[in-house]
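Trainee: The opening residue of the sequence shown carries number 591 in this note's numbering; numbering runs sequentially from there.
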Amino acid sequence: MGRVAGTVGRALALLMTTVLPLSMAGSPGAGVSTAATTPTSVLSVPPGRARAPEEAIVDGPTRFMVLSPTLVRLEYARDGRFEDRPSFNAVNRDFPGAAFDTWVEDGTRVIRTERLTLRHRQDGEPFGPDNLSVDLTAGDRAVTARPSFADGTGAGAPSPGNLGGWRRSLDLASGPVPLHDGLLSREGWYLLDDSRTALVAEDGSLVPRAPRDRPYQDGYFFGYGHDYRQGLRDLRDLTGPPMLLPRWAFGNWFSRYHPYSAANFQQDVVPRFRARRVPLDVLVVDTDYKSPDPWNGWNWNRKLFPDPAGFLTWARKQGLRVALNIHNSISPRDPKYAQVRAMLGKDLPKGDCPTECHVFDWADEQQLRAYFELHRPFEDQGVRLWWNDWCCDGSRADIEGVTPDTWLNAQYALRDEKRGFRGFTYARGGSGFTGYGESQQYPQGPWAEHRYNIHFTADTNSSWELLPFAAFYTAAHGNTGNPYVTHDIGAHNAEKLPDDLYARWIQLGTFQPILRLHSNHGLRLPWDYPGPAQESAEAFLRLRSSLVPYSYSLARQAHDTGLPIVRPLYLNYPEHDEAYSHKHEFLYGDDVLVAPVTRPGTGAVDTPVWFPPGTWVDYFTGRRHTGPGTATVSADLSRMPVFLRAGGVLPTRSDYVDHSDQRPMTAVTLDVAAGGSGSFDLYEDAGEGLGYRHGQHATTPIRYHQDNGRQTGNLTIGAAQGHYPGQVAKRAWTARFRDVDPPTGVWVNGAGVGQSASGPGYSYDPASRTLTVRTAPVPTARATTVGFAVGKISSLLSCSQCSQPITVPVEQALPARVERLDSLLRHQGPTRRAH
């Protein structure tokens, strides 16, 4: 097959020219690898070149490239033709390099980095377990990997000890189903076989691998050991960063397979959200809006939507982004089919639809253009997002070397980029349609999906068994490099759930990358479950909205580092067996531990929770737990087991908003768990558009330090670093210190503050052992410090001139007697060494 040019080529050429200096680091411990500064963006590839020839090791038909201490490219070409162009998966091989030694002993090539030792017997044969081995360390175990390339069936290379990754969807699942492999393995290594993935030519077009009549292999050996975070960083640097979703995507979504009309949305659904003070950001309109066929019509059903433009204008005024359902075919009865025929000069082939239909080959430039022209009138009216449901009625992308789902998802994302939006779709992914509920593994795998797609797990069956598996699946899917998963919260099938199951689904969704209420005609709105379940659902949907600043910061971490938003426990605690066996528990970022309730009960339900090492404070009750160890946590429908790591900082929005863009974020609450030290970087930008790629963003470093045996605490909110349009100049901060004794002194910026039930000052709740300190609005361009003391020793806040907090006698530290920080500094003697 020849080059795929035209629209596809121009689209990929756009990728080649879009650059972003990725200089923003994630939270401490989740730093960006050196290669993360490579100019790449969510939808771009670097210039098509390999490492300089002197950086490659060539032994006859084999070539090795050491990309990082834990990542080595392995290439075998018996005909001597090595490949330097990027592939659709491996868009970047221009790593800064890694130190290594290499030599040949007794006919064996040895390559040693600081993390692994590779040995290859120079027998002229393709790579295999007989001539290739890699020694590395996985925890305290020495591991010898013997990687094997795929066998040609598309099943992928074998991966012993794999921790799971993905499948095209969870259609029809009622509980656990088998998953294809992800990158991470408890054995500490993975071979990504890229031998058959299409290439990216210099002009940006896709080019299939050249036919070869002699063996050829192209793969990437990841030898991360138990440093799983390093493995994900390597994957991100090789395959490109995950897209950065717009901020509104982290709010609440509502969808339902139901023939809603514009009047239903305007007079009932959305007003109920607003009246109940339940935030809503995204309104998804399912397939019944279409005409003449509700499956694949490309016109509005005027009986349901008599004034589409008016409806979309109303939605914009409500702060709602509207997404429309798509099925990828067109009926011959559709008036728009004449437009398609005119553009193509011929009929399309028939497809496999509920009614008669015609389908597209998106590899054909004219057919791709004709297909997307069907979208344009809706977009011109204000539709923001397309839900590529089902996929694909027989439509296809006849492109060798590209996974069909990924290719189509990329086209949707690229179109939005051209419109000035952050491009993405939400759809099934990583494979291609072979049957409802099936998940074929294509040779190219899911390794490019994170650049384009929120993974939609699709038509599940609601059950108590599915709930914990959905939690596990989200974390496992991060092992493919994709941090974004969206489940049908409540599951797709079932009319009305038991109250307890419904409430627990909402609780799980609160701590998922995307919370999207959806069902097959079923009831999924809180007011469908009056009583405790409704109260719980409404409260957690509000909590979800308040978490947007935290979730958005985690999304930026994912973009910069490859770390997922929902993190399996073993990512941070790889040497603890319990981190692998407690599969439905997960971390939301590094500092929030979530253990969903997965057992029935409308009253208090006991949940066994494994606590990782350290101290963890219950977000709802303030109770302290110490790990490693397992404890039983009881929670009724008003709570769920959620815990803050000691020293961890959780930022949330202080004020209620109907949607995330209703007004600027001028008030932020910082929940801080006492008992340790920690930090968080609060990331902000315009929330939509591409300005963030050009340096239009800001980061506020937040640091917490505790000293004197838990008797003093300092919270430093640094000056915002960076600028973006709409950035707030002042912000009121609320610091909630969890698990502390009654304070004997409280300070803001070095000055003592008194008690206050509301407004600037502090209050203390003895039942939850929570100290709350509120500041007046302060400039975001300057640092703000909040400190407290308990007992006989007090500590003022850290400062740029101090290497440690300043300690003064308690009688000086009482709020009524405290002096300004600069005055106290004059009594400390010589200026201390700066940080």
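Beta carbons: idealized from backbone N, C-alpha and C, even for Gly.
Identify which residue in 1066, 990, 915 and 669 has its Cα closest to the Cα of residue 756.
Mentor: Of the listed residues, the one whose Cα sits closest to residue 756 is 1066.
Trainee: Mind pulling the alpha helix (DSSP H) runs of 4 or more residues that sit fully within the region 1036-1107?
Mentor: As far as the region 1036-1107 is concerned, its whole alpha helix (DSSP H) runs of at least 4 residues are 1056-1067 and 1089-1100.
Trainee: Kindly provide the ranges of any beta strand (DSSP E) runs that are 3 or more residues long and lie completely inside the region 712-774, ordered along the chain.
Mentor: Listed in chain order, they are 722-728 and 731-735.
Trainee: Quick check on residue 903: does DSSP put it in helix, strand or coil?
Mentor: Residue 903: helix per DSSP, three-state reduction.
Trainee: Can you give the Cα-Cα distance for residue 972 and residue 1269, rounded to whole angstroms?
Mentor: Approximately 40 Å, taken between the alpha carbons.
Trainee: Of the choices 1180, 1168, 705 and 692, whose alpha-carbon is the least far from that of residue 1198?
Mentor: Per the Cα distances, 1168.
Trainee: Enumerate in chain order the residues of its own chain whose CB-to-CB distance from residue 723 is below 7 Å, with the five nearest sequence positions on each side excluded.
Mentor: Within the same chain, residue 723 has close Cβ partners 709, 734, 735 and 736.
Trainee: Given residue 915, which residues of its chain have a CB within under 6 Å of its CB, disregarding the five upstream and five downstream residues?
Mentor: Closer than 6 Å at Cβ, skipping near neighbours: 876, 877, 977 and 979.
Trainee: Classify residue 873 as helix, strand or coil using the three-state DSSP reduction.
Mentor: Of the three classes helix, strand and coil, the one that applies to residue 873 here is strand, per DSSP.
Trainee: Does the Cβ of residue 1247 have 16 or more other Cβ atoms within 10 Å, making it buried, or fewer, making it exposed?
Mentor: That one is buried.
Trainee: Would you check if the distance between the CB atom of residue 822 and the CB atom of residue 1068 is smaller than 9 Å?
Mentor: Yes, these two residues count as a Cβ contact at 9 Å.
Trainee: Hey, would you say residue 930 sits closer than 9 Å to residue 939, going by beta carbons?
Mentor: Cβ atoms of residue 930 and residue 939: not closer than 9 Å.
Trainee: Please list the terminal residues of the continuous alpha helix (DSSP H) segment that includes residue 1149.
Mentor: Taken as a continuous stretch (DSSP letters only), the alpha helix (DSSP H) holding residue 1149 covers 1138-1151.
Trainee: Any idea what DSSP makes of residue 966, helix, strand or coil?
Mentor: Helix at residue 966.
Trainee: Given that a residue counts as buried once 16 or more other Cβ atoms are within 10 Å of its Cβ, and exposed if not, what is residue 1007?
Mentor: Residue 1007 comes out buried.
Trainee: Quick one: residues in its chain with C-beta nearer than 6 Å to the C-beta of residue 900, no 5 flanking neighbours on either side, listed in chain order?
Mentor: Closer than 6 Å at Cβ, skipping near neighbours: no residue.
Trainee: Compute the Euclidean distance between the alpha carbons of residue 1256 and residue 1371, then round it to the nearest angstrom.
Mentor: So the two alpha carbons sit approximately 13 Å from each other.
Trainee: Helix, strand or coil for residue 666, going by three-state DSSP, please let me know.
Mentor: Residue state, collapsed to three classes: strand.
Trainee: Let's test the definition: count the other Cβ atoms within 10 Å of the Cβ of residue 1120 and tell me whether it reaches 16, buried, or not, exposed.
Mentor: Looking at its Cβ environment, which holds fewer than 16 other Cβ atoms inside 10 Å, residue 1120 is exposed.
Trainee: I'd like the span of the beta strand (DSSP E) that includes residue 675, first residue to last.
Mentor: Where residue 675 is concerned, there is no enclosing beta strand (DSSP E), given that its DSSP letter is neither H nor E.
Trainee: Could you say which of 1245, 827, 1051 and 1158 lies nearest to residue 1102 if we only look at CA atoms?
Mentor: Measuring from the Cα of residue 1102, the nearest candidate turns out to be 1158.
Trainee: Whole angstroms are fine: how far does the CA of residue 998 sit from the CA of residue 1347?
Mentor: Each residue's Cα considered, the two are about 55 Å apart.
Trainee: With DSSP as the reference, label residue 1389 as helix, strand or coil.
Mentor: Annotation note: pLDDT 39 at residue 1389 (below 50); position unreliable, no value reported.
Trainee: Would you mind stating whether residue 779 and residue 809 have Cβ atoms separated by less than 9 Å?
Mentor: No, they are not a contact pair.
Trainee: Count the other C-beta atoms from every protein chain shown that fall within 10 angstroms of the C-beta of residue 694, then say buried if there are 16 or more, exposed otherwise.
Mentor: Looking at its Cβ environment, which holds fewer than 16 other Cβ atoms inside 10 Å, residue 694 is exposed.
Trainee: Would you kindly check if the distance between the Cβ of residue 989 and the Cβ of residue 766 is under 9 Å?
Mentor: Cβ distance not < 9 Å, so residue 766 and residue 989 don't count as in contact.
Trainee: Less than 7 Å between C-beta atoms, sequence neighbours within five positions excluded: which residues of the same chain meet that for residue 1351?
Mentor: These residues qualify, in order along the chain: 1343, 1344, 1345 and 1364.
Trainee: Would you check if the distance between the CB atom of residue 1262 and the CB atom of residue 1227 is smaller than 9 Å?
Mentor: The answer is no: Cβ separation not under 9 Å.
Trainee: DSSP three-state call for residue 844: helix, strand or coil?
Mentor: Correct three-state label for residue 844: strand.
Trainee: When you compare the region 784-794 with the region 831-840, are there three or more beta-carbon pairs, one atom per stretch, that lie closer than 8 Å?
Mentor: Touching, no, given that fewer than three Cβ pairs across the two stretches are closer than 8 Å.
Trainee: So residue 1162 and residue 1180 are supposed to be a Cβ contact under 8 Å. How far apart are they, rounded?
Mentor: Right, the Cβ-Cβ distance comes to about 6 Å (below 8 Å), so this counts as a contact.
Trainee: What residue range does the alpha helix (DSSP H) around residue 819 cover?
Mentor: From DSSP, the alpha helix (DSSP H) with residue 819 extends over 818-829.
Trainee: What did DSSP end up calling residue 888 once you bin it into helix, strand or coil?
Mentor: Correct three-state label for residue 888: coil.
Trainee: Which residue from 776, 773, 1249 and 771 puts its Cα closest to that of residue 580?
Mentor: With the chain covering 591 to 1425 only, the question about residue 580 has no answer from this structure.
Trainee: Measuring alpha carbon to alpha carbon, tell me which residue in 1094, 1010 and 1234 is nearest residue 1193.
Mentor: Of 1094, 1010 and 1234, the residue nearest in Cα terms is 1094.
Trainee: With DSSP as the reference, label residue 946 as helix, strand or coil.
Mentor: Looking at residue 946 - three-state DSSP - the assignment turns out to be coil, as it is neither helix nor strand.
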